[in-house]
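Residue numbering for the sequence shown follows this note's numbering, beginning at 87 and increasing consecutively.
Idealized CB from N, CA, C, for every residue including glycine.
Read through the structure below, which is laid out as structure tokens, and then see the notes.
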Amino acid sequence: MTLQEQLKQMRNATMERMPQSIIKVFTNSIDNIRKNHLKENAHQVGDNVTDMSLQNINGDHLLLSDFIKKEFLILNFYRGGWCPYCNMELREYENLRKSFNALGVDIVGISAEIPELANQTITKNALSFPVLTDIDAKLMKATGIIFKLDEASKKEFQNFGMDFTKIHGNNNFELPVPAVYVIDKKMEVVFVHFEEDYMTRLEPMELLNILKTNIIPEKL
87 MTLQEQLKQM RNATMERMPQ SIIKVFTNSI DNIRKNHLKE NAHQVGDNVT
137 DMSLQNINGD HLLLSDFIKK EFLILNFYRG GWCPYCNMEL REYENLRKSF
187 NALGVDIVGI SAEIPELANQ TITKNALSFP VLTDIDAKLM KATGIIFKLD
237 EASKKEFQNF GMDFTKIHGN NNFELPVPAV YVIDKKMEVV FVHFEEDYMT
287 RLEPMELLNI LKTNIIPEKL
């Protein structure tokens, strides 16, 4: 089953079981992100990603550049291990990691969840690639993909038992738009996928084909 098929099943199941009032809160949040032009103001192809400190699951502080061991690096910015759509996406990248590696491309997952939770995300999804903590979402802010939860969304997450003060280790109540960036060794962005709707994701196989046919031949 493709990622798109899995996402469609999850979305349909969510729409069936979740009250319309809650669905409205989250769709309004998506609309607000679009109205604020986050996508247009975020890093674009040709921009350089800032080399910032991230934490691995052991709590060690490492620079993003430390993970660029191949020609290209996929930065998968995900909301957290609590997000089923993110988990599906991470697993699909894991399934294709060897195919990406064969092209000189590797992968890291990045969220604002604390290292302990990032480790749980690795375990439950059987991931072999690094999953990193962006402390206080500093890298994601610099990249331009962060938004602050509105009060209605914050309330619904709290009703679901989501305590972001513990998940993120701060009181900022910020989340990233799930985004995929591909950078080269110079940390220049060569590909971006940015979608305000968290239930919509890029098919990893599509990215593999784009890299293989368009980006890698042009860059190397």
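From the DSSP output, read off the bridge partner residues of residue i.
{"i": "Phe277", "result": "Val268"}
{"i": "Glu237", "result": "DSSP, once it has assigned bridges, lists no residue as partnering Glu237."}
{"i": "Ile232", "result": "Pro262"}
For the alpha helix (DSSP H) that residue i lies in, which residues bound it at each end?
{"i": "Ser139", "result": "Segment 139-141 is the beta strand (DSSP E) holding Ser139; no alpha helix (DSSP H) there."}
{"i": "Thr286", "result": "Thr286 -> no alpha helix (DSSP H), and no H or E assigned at all."}
{"i": "Leu89", "result": "89-103"}
{"i": "Ile302", "result": "302-305"}
{"i": "Met291", "result": "290-296"}
{"i": "Phe246", "result": "No alpha helix (DSSP H) contains Phe246, which DSSP labels as neither H nor E."}
At which residues does the beta strand (DSSP E) containing residue i begin and terminate?
{"i": "Glu260", "result": "260-262"}
Assuming contact is defined by CB atoms lying nearer than 8 angstroms, are residue i and residue j in contact in what I supplied?
{"i": "Leu297", "j": "Val191", "result": "yes"}
{"i": "Leu294", "j": "Val266", "result": "no"}
{"i": "Tyr164", "j": "Met285", "result": "no"}
{"i": "Phe259", "j": "Leu235", "result": "yes"}
{"i": "Glu178", "j": "Pro290", "result": "yes"}
{"i": "Leu213", "j": "Leu176", "result": "yes"}
{"i": "Glu315", "j": "Val111", "result": "No information on residue 315 is available, as it lies outside the stretch 87 to 306 that the chain covers here."}
{"i": "Ile253", "j": "Leu161", "result": "no"}
{"i": "Pro262", "j": "Ala238", "result": "no"}
{"i": "Asn245", "j": "Thr251", "result": "no"}
{"i": "Phe215", "j": "Glu180", "result": "yes"}
{"i": "Val135", "j": "Leu149", "result": "no"}
{"i": "Leu189", "j": "Ile302", "result": "yes"}
{"i": "Asn211", "j": "Asn173", "result": "yes"}
{"i": "Met96", "j": "Trp168", "result": "no"}
{"i": "Lys271", "j": "Glu157", "result": "yes"}
Note to self: Report the start-end ranges of each alpha helix (DSSP H) in the segment 185-228 that is 4 residues or longer and not cut off at the edges.
What the structure shows: 201-211
Note to self: Does the structure place the segment 138-145 close enough to the segment 259-277 that three or more beta carbon pairs sit under 8 angstroms?
What the structure shows: no
Next item on the list: Indicate whether the contact test is met: 3 or more Cβ pairs, each with one atom in the segment 187-195 and one in the segment 226-233, closer than 8 angstroms.
Entry: Remark: fewer than three beta-carbon pairs, one from each stretch, lie closer than 8 angstroms, so the segment 187-195 and the segment 226-233 are not flagged as touching.
Next item on the list: Scan the segment 106-187 and note each continuous alpha helix (DSSP H) run of 4 residues or more that stays entirely inside, going in chain order.
Entry: 106-121, 124-127, 170-181
Check: Are at least three pairs of beta-carbons, each pair with one atom in the segment 197-208 and one in the segment 120-129, less than 8 angstroms apart?
Finding: no
Next item on the list: State whether the segment 92-104 contacts the segment 113-121, with contact taken as three or more CB pairs (one from each stretch) at a distance under 8 angstroms.
Entry: no
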